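> If you read the sequences in order, they're chains A and B.
Here our numbering runs 804 ahead of the position in the first sequence, where the first position is 1.
Here our numbering runs 12 ahead of the position in the second sequence, where the first position is 1.
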Amino acid sequence: GAVVSQHPSRVICKSGTSVKIECRSLDFQATTMFWYRQFPKKSLMLMATSNEGSKATYEQGVEKDKFLINHASLTLSTLTVTSAHPEDSSFYICSPAVRLADNEQFFGPGTRLTVL
Amino acid sequence: AQSVAQPEDQVNVAEGNPLTVKCTYSVSGNPYLFWYVQYPNRGLQFLLKYITGDNLVKGSYGFEAEFNKSQTSFHLKKPSALVSDSALYFCAVREDTGTASKLTFGTGTRLQVTL
Numbered sequence: 805g806a807v808v809s810q811h812p813s814r815v816i817c818k819s820g821t822s823v824k825i826e827c828r829s830l831d832f833q834a835t836t837m838f839w840y841r842q843f844p845k846k847s848l849m850l851m852a853t854s855n856e857g858s859k860a861t862y863e864q865g866v867e868k869d870k871f872l873i874n875h876a877s878l879t880l881s882t883l884t885v886t887s888a889h890p891e892d893s894s895f896y897i898c899s900p901a902v903r904l905a906d907n908e909q910f911f912g913p914g915t916r917l918t919v920l
Numbered sequence: 013a014q015s016v017a018q019p020e021d022q023v024n025v026a027e028g029n030p031l032t033v034k035c036t037y038s039v040s041g042n043p044y045l046f047w048y049v050q051y052p053n054r055g056l057q058f059l060l061k062y063i064t065g066d067n068l069v070k071g072s073y074g075f076e077a078e079f080n081k082s083q084t085s086f087h088l089k090k091p092s093a094l095v096s097d098s099a100l101y102f103c104a105v106r107e108d109t110g111t112a113s114k115l116t117f118g119t120g121t122r123l124q125v126t127l
């Protein structure tokens, strides 16, 4: 399967700071990037979808000014959690995809964010 | 709107016994169905998918799943469970819209395989 990396794998920050999470598809070019959030013992919640070079489309209830997504190239996307609060603590997972709907998505290893 | 249901929060199986993890789905058109596995503090790993063709799909690590259109189900199975299969399993569905639309995930089923 495709190789997807996320950096950092784990981050602890103080409340009010911003955190940037990078997602890279190492061996294929992703025209679409999905960002998910996973709460403990819960399913994945899609936060937003972005296409390379376009603005991200956010799911209902997700604050676009708080979760900034940049999909600058076909191999790199970033999620910035701005002014983080303890309730933003979660496991964030990226998923680059190609346009064909029958292709499986591949997922990054995830980033564990803890906001103190 | 598409949806997925995994009715069991947890499935317990003894090693060597067959296992089944249940999944039912709802879409308005043709479904693309997927199973993923997640190990602790890791991202999701693809196991198998049903797009079209044979209803029985074989995937990684000896897993298989059976697509049943009349029952709108896509249960995950393995003939002989291993302790290393213990993980969180997610069923997912995507509607055939011709483009890479979003996956909808079930709530996950934790599989516990014991000696």
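A virtual CB, placed ideally from N, CA and C, is assigned to each residue, including glycine.
Because the structure is a prediction, the values reported are computed rather than measured.
Does the beta carbon of VAL808 (chain A) come closer than 9 Å to any beta carbon on chain D?
No chain D appears in this structure, whose protein chains are A and B.
> Does the beta-carbon distance from MET837 (chain A) to THR821 (chain A) come in below 9 Å?
Numbered from its first residue, the first sequence carries residue 837 (chain A) at position 33. Numbered from its first residue, the first sequence carries residue 821 (chain A) at position 17. No. Outside cutoff.
> Beta-carbon of GLU856 (chain A) versus every beta-carbon of chain B: anything under 9 Å?
Taking the first residue of the first sequence as 1, we reach residue 856 (chain A) at position 52. Answer no: the Cβ-Cβ gap between GLU856 (chain A) and chain B never drops below 9 Å.
> Taking the C-alpha atoms as reference points, what is the distance between VAL807 (chain A) and LYS81 (chain B)?
Taking the first residue of the first sequence as 1, we reach residue 807 (chain A) at position 3. Taking the first residue of the second sequence as 1, we reach residue 81 (chain B) at position 69. Distance between the alpha carbons of VAL807 (chain A) and LYS81 (chain B): 33 Å.
> To which residues does DSSP link ARG122 (chain B) through a beta bridge?
Your numbering for residue 122 (chain B) matches position 110 in the second sequence. For ARG122 (chain B), which the question treats as bridged, DSSP gives the partners B:GLN22 and B:LEU100.
> Inspect the beta-carbon positions of SER894 (chain A) and PHE102 (chain B) and report whether they are closer than 9 Å.
Along the first sequence, one-based indexing puts residue 894 (chain A) at 90. Along the second sequence, one-based indexing puts residue 102 (chain B) at 90. No. Outside cutoff.
> Please list the partners that ASN53 (chain B) has in chain A, where partner means a Cβ-to-Cβ separation under 8 Å.
Here the question's residue 53 (chain B) lines up with position 41 in the second sequence. Per Cβ cutoff of 8 Å: PHE895, GLY914 and ARG916.
> Work out the CA separation of LEU59 (chain B) and VAL95 (chain B) for me, nearest whole Å.
Position 83 of the second sequence, counting from 1, holds the residue named residue 95 (chain B). Position 47 of the second sequence, counting from 1, holds the residue named residue 59 (chain B). Approximately 17 Å, taken between the alpha carbons.
> Are the C-beta of GLU826 (chain A) and some C-beta of chain B separated by less than 9 Å?
By 1-based counting over the first sequence, the position of residue 826 (chain A) is 22. False, the Cβ-Cβ gap to chain B never drops below 9 Å.
> Please list the terminal residues of the continuous beta strand (DSSP E) segment that includes PRO43 (chain B).
For the purposes of this step, residue 43 (chain B) is identified with residue 31 of the second sequence, where counting begins at 1. From DSSP, the beta strand (DSSP E) with PRO43 (chain B) extends over 43-50.
> Hey, would you say the C-beta of GLY865 (chain A) is under 8 Å away from at least one heavy atom of the ligand NAD?
Annotation note on the ligand NAD: not contained in the displayed structure, which lists no ligands.
> Using a Cβ cut-off of 9 Å, which residues of the stretch 821-854 of chain A contact any Cβ in chain B, in chain order?
Of all residues in the stretch 821-854 of chain A, THR835, THR836, PHE838, TYR840, GLN842, LYS845, LYS846, SER847, LEU848, MET849, LEU850 and THR853 have a Cβ within less than 9 Å of some Cβ in chain B.
> Answer yes or no: does any C-beta atom of chain A fall closer than 9 Å to that of TYR73 (chain B)?
For the purposes of this step, residue 73 (chain B) is taken as residue 61 along the second sequence, with counting starting at 1. It does not; no Cβ of chain A falls within 9 Å.
> Opposite LEU883 (chain A) in the DSSP bridges: which residues?
For the purposes of this step, residue 883 (chain A) is identified with residue 79 of the first sequence, where counting begins at 1. The partner list for LEU883 (chain A) (beta bridge, DSSP) reads A:ILE825 and A:ILE873.
> Which same chain residues, not among the five before or five after PRO913 (chain A), have their C-beta less than 6 Å away from its C-beta?
As a position in the first sequence, residue 913 (chain A) is number 109, starting the count at 1. If we look at PRO913 (chain A) and ignore the five residues flanking it on each side, its Cβ neighbours are GLN810.
> Quick one, which residues of the stretch 39-63 of chain B are near chain A if we go by CB-CB under 8 Å, in chain order?
Going along the stretch 39-63 of chain B in chain order, one finds TYR44, PHE46, TYR48, ASN53, ARG54, GLY55, LEU56, GLN57, PHE58, LYS61 and ILE63 with a Cβ nearer than 8 Å to chain A.
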